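Written out below as structure tokens is the structure these notes cover.
As structure tokens, then:
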């Protein structure tokens, strides 16, 4: 599971651990399907995140497909 998710909404950047994604938030999604928690999906990148981080991402404009 990912340790850190940081959202820079004004700059359109999502940082997942040490990887930064500079992308329109509506192109990123959060899905279910992993037993350990929600999955952050950005292109080919996937990471299991906490429910709290998933909710923060959705509030920032990420597509919720849970």
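In this note's numbering, the protein residues as written are 253 to 318.
No residue lacks a Cβ here, since even glycine has one placed at the ideal position from N, Cα and C.
The model shown is predicted, which means the values in this text are computed figures rather than measured ones.
Notebook entry, point to check: Do the CB positions of residue 306 and residue 318 come within less than 9 Å of each other?
Noted result: yes
Practice task
Kindly list the residues whose CB is nearer than 7 Å to the CB of residue 285, restricted to its own chain and excluding five residues on each side of it in sequence; keep chain order.
Solution key: 291
I need the boundaries of the beta strand (DSSP E) containing residue 316, first residue and last residue. 315-317
Exercise for the section: Below 6 Å CB to CB, which residues in the same chain sit around residue 254 once its five sequence neighbours on both sides are set aside? Expected result: 268, 269, 299, 301
Helix, strand or coil, according to DSSP, for residue 296 in the structure here?
coil
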